[in-house]
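Protein chains in written order, with the working numbering: chain A, 4 to 233; chain B, 11 to 187.
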Amino acid sequence: MSAEGHRRWEDELAAWMLGALDEPEAEAFERHLARCERCRSDLNWLRPAVDSIPASVTQVAPPPRLRGELLGTVRSEARRAAAPERRKRRRLAGFPVPRPAIAALAAAAVVGAGVAGYALRGGPDTETFLLRAAPQAPAAHGELVVEGDEGTLRAGGLPRLDRDLVFQAWVRDEGDAELQPSTVFVPGRGGSATAAIPGLEDAEQVMVTREPRGGSTQPTTTPLLRARLD
Amino acid sequence: MPLVARKDPAAFEVFYDRHGGAAYSLAHRIVGDPAAAEDVTQEAFLSIWRSKARYEPTRGSVRAWTLGIVRNRAIDALRREGGRAPKLDLDDEAVLERRPAPERTDAEALRRETARQVRGALGALPNEQSQVIELAYFGGFTHSEIAKMLGMPLGTVKGRMRLGLEKIRARFAELVE
Chain A
4 MSAEGHRRWE DELAAWMLGA LDEPEAEAFE RHLARCERCR SDLNWLRPAV DSIPASVTQV
64 APPPRLRGEL LGTVRSEARR AAAPERRKRR RLAGFPVPRP AIAALAAAAV VGAGVAGYAL
124 RGGPDTETFL LRAAPQAPAA HGELVVEGDE GTLRAGGLPR LDRDLVFQAW VRDEGDAELQ
184 PSTVFVPGRG GSATAAIPGL EDAEQVMVTR EPRGGSTQPT TTPLLRARLD
Chain B
11 MPLVARKDPA AFEVFYDRHG GAAYSLAHRI VGDPAAAEDV TQEAFLSIWR SKARYEPTRG
71 SVRAWTLGIV RNRAIDALRR EGGRAPKLDL DDEAVLERRP APERTDAEAL RRETARQVRG
131 ALGALPNEQS QVIELAYFGG FTHSEIAKML GMPLGTVKGR MRLGLEKIRA RFAELVE
């Protein structure tokens, strides 16, 4: 290819590196790049120039909750991936409970007000735990249905929220003092809500607090609802 | 990065602490809105964690690779929000006028120095070259969109992009020497 003929590709290279080619043009250039040593060499030479462009922007500190949410998700996914045995155990624990035992557990739930929540019943793959309300949310109630390592929280009678607040679930693992941030949700007009709660394979407790919009990395208010999963 | 690829949350934490600020800043610069920048940064880091994006050492530094992912996600977000074209136009002074970025107050002196030098390199370009580079990189516009916007031939836009990048690159070469 003549130097003049190749000039066209040099211009394409810069536009391609900046993501400024239309798709068909980009594909044509990539086919050329695959067989043109000179363009690959130019690409390697120019790459630091393109890579340096982000360093020119004004640095803005990310909100701390972004870190908290990301790390919460990552830890939860890592735990899930690392704990197949535990999941299996929890599934086994969810085998059907005989009816008399359900009645006994339900009765215990009514009289045993000192403990936060109780397994009431199970299906082939699920366990259901009562959510217990704190005194500041007397009408709140609900249950947490756990299947494998994921739960569905269904709550009603939740107090009204200001526009800048949300409810946030928290998960405490066995033997862990730290609460992991979980799902953020807002109830409907009737004060009821349903939220998916992942990462329950090692969970001992699930709680719900009121938090600023967007959620928090640590609870900033006392829990309104709690369920014990053991 | 190998530890992040092996799904080590502690390694991911270090990775985020090292690159999260630059990633969020870039996303913020492109989408122009804190909430959207947060979403973009989160999407980009989770895609890295979930290995939908794999780091190739031949492609440059981990930071450059990470910011490339953030940039693409941010441009996608702009396009999702505004239809085909990103929400930038000739009145966007952030693109068309050079504004000096304030120095950070943290202790990353080396990074700050690099950023200062890069700003210098970009700032030293003739406006006609920096303009097309910024419209493409930060605005996500194609060369044909830029040509239409600025009322100039396609070849001129691409030529200015190339000249601009070559000048920045030459400036780096001088700094290293």
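For every residue, glycine included, the Cβ atom is placed at its ideal position computed from N, Cα and C.
Residue j beta carbon less than 8 Å from that of residue i
i: residue 220(A); j: residue 184(A); result: yes
i: residue 133(B); j: residue 88(B); result: no
i: residue 74(A); j: residue 134(A); result: no
i: residue 213(A); j: residue 224(A); result: yes
i: residue 230(A); j: residue 164(A); result: no
i: residue 2(A); j: residue 52(B); result: Because chain A here runs from 4 to 233, residue 2(A) falls outside it and cannot be looked at.
i: residue 146(B); j: residue 23(A); result: yes
i: residue 18(A); j: residue 171(B); result: yes
i: residue 168(A); j: residue 206(A); result: no
i: residue 143(B); j: residue 169(B); result: no
i: residue 9(A); j: residue 41(A); result: yes
i: residue 77(A); j: residue 59(B); result: yes
i: residue 77(B); j: residue 57(A); result: yes
i: residue 82(A); j: residue 202(A); result: yes
i: residue 83(B); j: residue 50(B); result: yes
i: residue 153(A); j: residue 199(A); result: yes
i: residue 39(B); j: residue 148(B); result: yes
i: residue 57(B); j: residue 25(A); result: no
i: residue 144(A); j: residue 136(A); result: yes
i: residue 54(A); j: residue 71(B); result: yes
i: residue 182(B); j: residue 84(A); result: no
i: residue 70(A); j: residue 26(B); result: yes
Per DSSP, the bridge partner or partners of residue i
i: residue 176(A); result: 206(A)
i: residue 213(A); result: 170(A)
i: residue 183(A); result: 174(A)
i: residue 231(A); result: 208(A)
i: residue 200(A); result: 154(A)
i: residue 144(A); result: 159(A)
i: residue 135(A); result: 229(A)
i: residue 188(A); result: 170(A)
i: residue 24(B); result: For residue 24(B), which the question treats as bridged, DSSP gives no partner whatsoever.
i: residue 149(A); result: 130(A), 154(A)
Contact list for residue i against chain B, beta-carbon separation under 7 Å
i: residue 48(A); result: 179
i: residue 17(A); result: 168, 171, 172, 175
i: residue 13(A); result: 172
i: residue 66(A); result: 48
i: residue 25(A); result: 152, 154
i: residue 51(A); result: 179, 182
i: residue 77(A); result: 19, 22, 59
Classification of residue i by the beta-carbon crowding that lies within 10 angstroms, buried from 16 upward
i: residue 114(A); result: Per-residue confidence for residue 114(A) stands at a pLDDT of 36, beneath the threshold of 50, marking its modelled position as unreliable; the derived number appears in the next sentence. Exposed, because fewer than 16 other Cβ atoms sit within 10 Å of the Cβ of residue 114(A).
i: residue 178(A); result: exposed
i: residue 67(B); result: exposed
i: residue 37(A); result: exposed
i: residue 179(B); result: buried
i: residue 140(B); result: buried
i: residue 80(B); result: buried
i: residue 20(B); result: exposed
i: residue 161(B); result: exposed
i: residue 165(B); result: exposed
i: residue 34(A); result: exposed
i: residue 139(A); result: exposed
i: residue 35(B); result: buried
i: residue 24(B); result: exposed
i: residue 75(B); result: buried
i: residue 113(B); result: For residue 113(B), the predicted model reports a pLDDT of 35, less than 50, meaning its position is unreliable; a value from the coordinates is still stated below. Result: exposed.
i: residue 142(A); result: exposed
i: residue 210(A); result: buried
i: residue 67(A); result: exposed
i: residue 184(B); result: exposed
i: residue 30(A); result: exposed
Contacts of residue i in chain A (Cβ-Cβ under 8 Å)
i: residue 143(B); result: 21, 56
i: residue 158(B); result: Neighbours of residue 158(B) on chain A: none; closest Cβ ~13 Å, over 8 Å.
i: residue 184(B); result: Within chain A, no residue comes near residue 184(B); the closest Cβ sits about 13 Å away, beyond 8 Å.
i: residue 165(B); result: 14
i: residue 42(B); result: None at all; the shortest Cβ gap to chain A is about 11 Å.
i: residue 4(B); result: Limits of chain B in this structure are 11 at one end and 187 at the other, which puts residue 4(B) out of reach.
Neighbouring residues, chain A, relative to residue i (Cβ below 7 Å)
i: residue 23(B); result: 74
i: residue 74(B); result: 54
i: residue 30(B); result: 65, 70
i: residue 35(B); result: 60, 61, 62, 63
i: residue 70(B); result: 50, 54
Contact set between residue i and chain A, taken where Cβ atoms lie within less than 9 Å
i: residue 84(B); result: None at all; the shortest Cβ gap to chain A is about 10 Å.
Partner residues on chain B for residue i, Cβ-Cβ distance less than 9 Å
i: residue 84(A); result: 17
Proximity test, residue i beta-carbon vs the ligand ADP heavy atom, cut-off 7 Å
i: residue 42(A); result: Among the components modelled here there is no ligand, and therefore nothing to report on the ligand ADP.
Proximal residues of chain B, C-beta to C-beta of residue i below 8 Å
i: residue 81(A); result: 17, 18, 19
Cβ contact (3+ pairs, closer than 8 Å) linking the segment 189 to 198 of chain A and the segment 154 to 173 of chain A
yes
Is it a yes or a no for the segment 50 to 67 of chain A touching the segment 21 to 35 of chain B, going by three-plus beta-carbon pairs under 8 Å?
yes
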